[in-house]
Structure formats: C-alpha cells, structure tokens
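Novice: Just so you know, we're using this note's numbering here: the sequence shown kicks off at 149 and counts up by one.
From the three backbone atoms N, C-alpha and C, an ideal C-beta is built for every residue, glycine too.
Pasting in a structure now, in structure tokens, and then I'll have a few things to ask.
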Amino acid sequence: MATMISSSSTVNLPMTVKTNSFSTSPSSSINSKHILPSQLPCTPTNHGLSLRYDGNPLRCRHRRSPQSTNSANFQVLASATVEPLKIMISGAPASGKGTQCELIKEKYGLVHIAAGDLLRAEIAAGSENGKRAKEHMEKGQLVPDEIVVTMVKERLSQPDSQENGWLLDGYPRSLSQATALKKYGFQPDLFILLEVPEDTLVERVVGRRLDPVTGKIYHVKYSPPETDEIAARLTKRFDDTEEKVKLRLKTHHHNVEAVLSLYEDVTVKVNGSVNKEDVFAQIDVALTNLLEQRKSALGSLAA
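Here is the structure:
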C-alpha cells in the first residue's frame, strides 16, 4: 500500500544489503547477491568463520580452524557495502519533478536519468536507436517502447549508475514500460509520487513561460522574470492551455495508476503542493530512513 508522509514521519521501507557469497572451497568464485540480514553468516561455524569490523567497509574474513585436517592455507575476503539507491520519481506536468530531481541529485549524488534527455542525446549522436527514434518522430508517431526501454536499460547499466545509484525521472510512464524494466532486472527501492491538486497544476502550467535564450522556466505569478528585457522575449508552449493541460493530466493519472500497481509496496506519496523546500523535506525523510536501515543491517554484522 502506498504511504503518504510528512517531513516528521518515519517510513519503514524495503531494505537490500549487498554482500558477497563465500565458500570453504579454495576454488570457489565470489558472486554478488542480495540476501536478508537474517541470512547473513554472523556467527562462528565449524569452518572457523570470524567477523571483524574495521569501520568501512565491513570485512568478513574466513579462516581455516586449527582443527582442520586440510593443510591448504587460504582465506576468502568478502566485503559488504551499503547498496546504492535506486529511485524512481513521478508526477504530473508542473508537479515539480525537475526541481526535486536537482535537490535529490545534489544531496545524494545519484545519477539523474530522464528518458527525454536520453532520446535527444541518441538522436544527436546518430546512434542506431537514435536513427530509429527519429524516423518515427519525423512521421509524427510516438517512439516505440522497445526503443526507449533499450536506451533507459543501457543507461542504468553504465558503471556510474551502478556505483552511485540512479534517479529515474518520469519513467516508466506505462505498465508495459515498467514490466519491461522489471524483466531486465531494474526495480526501484522507492517510487516517489508527487501529488498536487489538479487546479493547482492547471494554474502552474497556464502561467508557465520559457526564456528561449537561457532555457530558464518562469511563471507569471510565482516566478516572474527579473527584468523587462527578459519578460519581452518569453514564450509560451502551444499546449500550455487549460484545455490541453487537462487532457494531459487525464492521461497522466491513467498511466500512473497502472504503474503503481507494480510498485505499490515501495511507493511513497508526497504532498507536492507546498513550497519546494517542504516537498524535498518529505522526500529526504524517506531516503534517509532507507539508508539508515541499510547501515543498521551492516552494523548488525559487527555485533
């Protein structure tokens, strides 16, 4: 069930600990896997296993016991570190996703990934996926899911995303996209849904303006331009009208409900109608609690 949180609440979220498996065989390979804290070998066994904690990371040293009849002298060193965060964030047009993504990226160092940015980059680079996408766009067609999912999958698989964690912005947008990502092994630790009343969203969109020189977004009421010169050159998107935005919101709500059916257990609903600092405070609580749970799991190994 999805959870609504405030900046003062505590959220109990799923926890994943990344560790390395080990064997008593000298020839055994070490493979990374996800296990539950209760499954971690934290007590000595008849193979002489001992745990030592030296701060960071946690080292599990496997030693041959003195009673062993095998004269082979070996040790297997396995390390456990806090698993990088894997976050998805969703919200209607003008819900503030872009602002919150910047704040999350700044504090937590996650790799920010937006499907639209990937699509534009692939087209500019002239890649095979970019060429295929461009063909559809030039015909006025939507880019097929298989092309976009492939782009997203490849970006999520890159070393920086795997090492630092990732923040997937506004994607997946449909159940088919979410299912495809799950098939490739990409599941979020947290699915953040920004909730803003429809009348507020309409007001935000209708009053939105773009500076074609700097690319900065302004709002005639909430974030007016600094000078008359900037105000004179601002433009408005053709679909930023009340009629069109209501159609976009209807589509968004339909799609997000389908996606939530797959991520229900890791969904946190955030009140996005307050100021950006208060919105981020809610998100920060959820992410901080998730990290603390993972650190506690590692700390329990040292006990």
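Out of curiosity, what's the CA-to-CA distance linking GLU250 and GLU405?
Specialist: Here residue 250 refers to the residue found at position 102 when the sequence shown is read from its first residue. Here residue 405 refers to the residue found at position 257 when the sequence shown is read from its first residue. Between GLU250 and GLU405, the C-alpha separation is close to 25 Å.
Novice: Would you call the region 358-372 and the region 322-336 touching, i.e. three or more CB-CB distances under 8 Å?
Specialist: no
Novice: Apply the 10 Å Cβ neighbour rule to MET236 and answer buried if 16 or more other Cβ atoms are within range, or exposed otherwise.
Specialist: Sequence index remark: in the sequence shown, residue 236 carries index 88 (1-based). Its Cβ being crowded by 16 or more others within 10 Å, MET236 is buried.
Novice: To the nearest angstrom, how far is the alpha carbon of THR191 from that of ILE271?
Specialist: Indexing the sequence shown from 1 puts residue 191 at position 43. Indexing the sequence shown from 1 puts residue 271 at position 123. Only weak support is given to the placement of THR191: the predicted model assigns it a pLDDT of 36, under 50, and the value that follows is read from those uncertain coordinates. Rounded to the nearest angstrom, the two C-alpha atoms are 54 Å apart.
Novice: I need the straight-line Cα distance from GLU254 to THR247, nearest angstrom please.
Specialist: As a position in the sequence shown, residue 254 is number 106, starting the count at 1. As a position in the sequence shown, residue 247 is number 99, starting the count at 1. Roughly 11 Å separates the two Cα atoms.
Novice: Under a three-way DSSP split, which group does THR389 fall into?
Specialist: For the purposes of this step, residue 389 is identified with residue 241 of the sequence shown, where counting begins at 1. Correct three-state label for THR389: coil.
Novice: Under the criterion of a Cβ to heavy atom distance below 7 Å, does ILE237 qualify as lining the ligand ADP?
Specialist: In the structure on display, the ligand ADP does not appear, and there are no ligands present to speak of.
Novice: Rounded to a whole number of angstroms, what is the C-alpha to C-alpha distance between LEU395 and PHE386?
Specialist: To locate residue 395, count along the sequence shown from 1; it is residue 247. To locate residue 386, count along the sequence shown from 1; it is residue 238. Going from the Cα of LEU395 to the Cα of PHE386 covers about 14 Å.
Novice: Please list the segments of the beta strand (DSSP E) lying wholly inside the region 333-379, counting only runs of 3 or more residues, in order along the chain.
Specialist: As far as the region 333-379 is concerned, its whole beta strand (DSSP E) runs of at least 3 residues are 338-343, 356-358 and 365-367.
Novice: In whole angstroms, what separates the C-alpha of GLY355 from that of LEU341?
Specialist: By one-based count along the sequence shown, residue 355 stands at place 207. By one-based count along the sequence shown, residue 341 stands at place 193. In a straight line, the C-alpha of GLY355 is about 23 Å away from that of LEU341.
Novice: Given this structure, state the Cα-to-Cα distance separating ILE431 from VAL418, to the nearest angstrom.
Specialist: Along the sequence shown, one-based indexing puts residue 431 at 283. Along the sequence shown, one-based indexing puts residue 418 at 270. The straight-line gap from Cα to Cα measures roughly 7 Å.
Novice: Rounded to whole angstroms, what's the CA-CA distance from GLU391 to ASP347? Just pull it up for me.
Specialist: Taking the sequence shown and counting its residues from 1, the one referred to as residue 391 is at position 243. Taking the sequence shown and counting its residues from 1, the one referred to as residue 347 is at position 199. Rounded to whole angstroms, the gap between the alpha carbons of GLU391 and ASP347 is 12 Å.
Novice: Can you tell me which of the three DSSP states ALA242 falls into?
Specialist: The residue given as residue 242 occupies position 94 in the sequence shown. It is coil, neither helix nor strand.
Novice: Between THR383 and HIS367, what straight-line distance do the alpha-carbon atoms span, to the nearest angstrom?
Specialist: Residue mapping note: residue 383 aligns to position 235 of the sequence shown, counting from 1. Residue mapping note: residue 367 aligns to position 219 of the sequence shown, counting from 1. Those two C-alpha atoms are separated by around 11 Å.
Novice: How would you label ALA116, buried or exposed, when you count the other beta carbons within 10 angstroms and need 16 or more for buried?
Specialist: Past the edges of the chain, shown from 149 to 451, lies residue 116, and the structure says nothing about it.
Novice: So what does DSSP say about VAL422, is it helix, strand or coil?
Specialist: Counting from 1 along the sequence shown, the entry for residue 422 is found at position 274. Coil, per DSSP.
Novice: Let's test the definition: count the other Cβ atoms within 10 Å of the Cβ of ARG128 and tell me whether it reaches 16, buried, or not, exposed.
Specialist: Residue coverage of the chain in this structure runs from 149 to 451, which leaves residue 128 outside it and unanswerable.
Novice: Could you check what DSSP says for HIS296 in three-state terms: helix, strand or coil?
Specialist: Position 148 of the sequence shown, counting from 1, holds the residue named residue 296. One detail in the question is off: residue 296 reads as Val in this sequence, not His. Three-state DSSP puts VAL296 in a helix.
Novice: Expressed to the nearest angstrom, what Euclidean distance is found between the alpha-carbon atoms of LEU290 and HIS284?
Specialist: Reading the sequence shown from its first residue, position 142 is the one you call residue 290. Reading the sequence shown from its first residue, position 136 is the one you call residue 284. The straight-line gap from Cα to Cα measures roughly 6 Å.
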